[in-house]
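Reviewing the structure listed below.
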Amino acid sequence: MKDKRKKWLIIVNTITSLRIIGSIFMFPIYFKYGQTVMGIILTILFLTDWIDGYIARKFKVCTFFGSIMDGICDKIMAIVSCIILCFLNKYMIASIILEALIFFANTFVLTQKGNVKSSIIGKGKMWVLSICVILGFFFSKEEKLL
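Numbering of the sequence shown is given in the working numbering, commencing with residue 589 and proceeding in unit increments.
Structural data, given as structure tokens:
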């Protein structure tokens with residue numbers, strides 16, 4: 589029984605790690621392949637956020653490390669994708685500022701209390717942001733910022 593649980597824990601942490609790696613490569617992917625491919629990649633990355641959470645809860649392999657890494661991955665993906673969207677729409681800067689403020693607030697709470705619990709509001713905000721970012725890549729016209 590314990591080996592099965594360990595296997596699912598490794599799978600969940602691997603999926604989360606793939607989101608970090610995917611976030612690192614978002615800039616090169618966007619500049620080489622464009623916004624449609626970036627929209628497809630982001631759709632996959634945002635779905636892995638749901639998948640790893642679902643697996644962790646279903647197989648009871650939720651860990652403190654996993655919850656912290658999941659939150660960090662969410663913020664990195666959101667901020668990087670919004671930065672890239674700024675090339676398509678300069679008003680996306682508001683989303684970057686919002687995500688950065690939430691990140692700093694969560695970091696402050698984490699250092700004070702040692703844990704940051706996700707809420708239904710936070711999860712809802714992440715899904716709305718995810719959908720808006722993905723649609724932004726599929727439906728925005730490229731705009732010159734310089």
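Using N, Cα and C, we set each Cβ at its ideal position, and we do this for glycine too.
Under DSSP, the alpha helix (DSSP H) around residue i begins and ends at which residues?
i: I717; result: One detail in the question is off: residue 717 reads as Leu in this sequence, not Ile. It spans I708 to F727 - the alpha helix (DSSP H) in which L717 sits, taken as one unbroken run.
Using DSSP with H/G/I as helix, E/B as strand and the rest coil, what is residue i?
i: K592; result: helix
i: L676; result: coil
i: K648; result: coil
i: F613; result: coil
i: G654; result: helix
i: M622; result: Residue identity differs from the one stated: residue 622 is Gly in this sequence, not Met. G622: coil per DSSP, three-state reduction.
Using C-beta distances below 8 Å, list every residue in its chain close to residue i, excluding the 5 sequence neighbours before and after it, in chain order.
i: T602; result: none
i: I639; result: I603
So, for residue i: in the same chain, excluding its five sequence neighbours on each side, which residues have a beta-carbon less than 7 Å away from its beta-carbon?
i: F726; result: T624 and G627
i: G710; result: none
i: G654; result: V600, N601, T604 and A644
i: M657; result: T604
If residue i and residue j are in contact, beta carbons under 8 Å, what's the gap, nearest whole angstrom?
i: S669; j: M714; result: Not a contact, Cβ separation roughly 12 Å.
Going by beta carbon distance, what residues of the same chain come within less than 6 Å of residue i, once the five residues before and after it are set aside?
i: T631; result: I722
i: F634; result: S718
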